[in-house]
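The structure under discussion appears below in the form of structure tokens.
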Amino acid sequence: MRFIAMRNLRNDTSKVLAGLVDGPVIITKNGKPSAALIHLNEELLEEFMIENLLKDKLKAALEEFDEKGGITPDEMRKRLGL
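At position 38 of the sequence shown (counting the first as 1) the number is 31 in our numbering, and the numbers step up by one without a gap.
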């Protein structure tokens, strides 16, 4: 994994972006990690978006569980039509 100063990213954006096929790049600001860049194609973008959507839905479900509690196994079978 490469580390690149934000200044270098500004000066050589095309070169940095072209190098993403070799692996992720960590952008530093004042010597500290500030951002990460990864190579994306259409397939990876779709996967990234789906993963984030699922993560958001799971987080919401866990928050609801914490607030309201769960359901009994009998209620789950009833909801599933079993």
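Idealized CB from N, CA, C, for every residue including glycine.
Looking at the unbroken alpha helix (DSSP H) that takes in threonine 6, where does it start and where does it end? 6 to 11
Using CA coordinates, which residue listed in Ala29, Lys61 and Pro66 is at the minimum distance from leucine 2? Minimum Cα distance to leucine 2 is reached at Ala29.
What is the rounded straight-line gap between the Cα of glycine 16 and the Cα of asparagine 34? Here the C-alpha atom of glycine 16 lies approximately 13 Å from the C-alpha atom of asparagine 34.
Who are phenylalanine -4's beta bridge partners in DSSP? Ile19
Note down the Cα distance separating lysine 84 from asparagine 45, rounded to an integer number of angstroms. Missing from the structure shown is residue 84; the chain here goes from -6 to 75 and no further.
If you reduce the DSSP assignment to three classes, tell me which class leucine 2 lands in. helix
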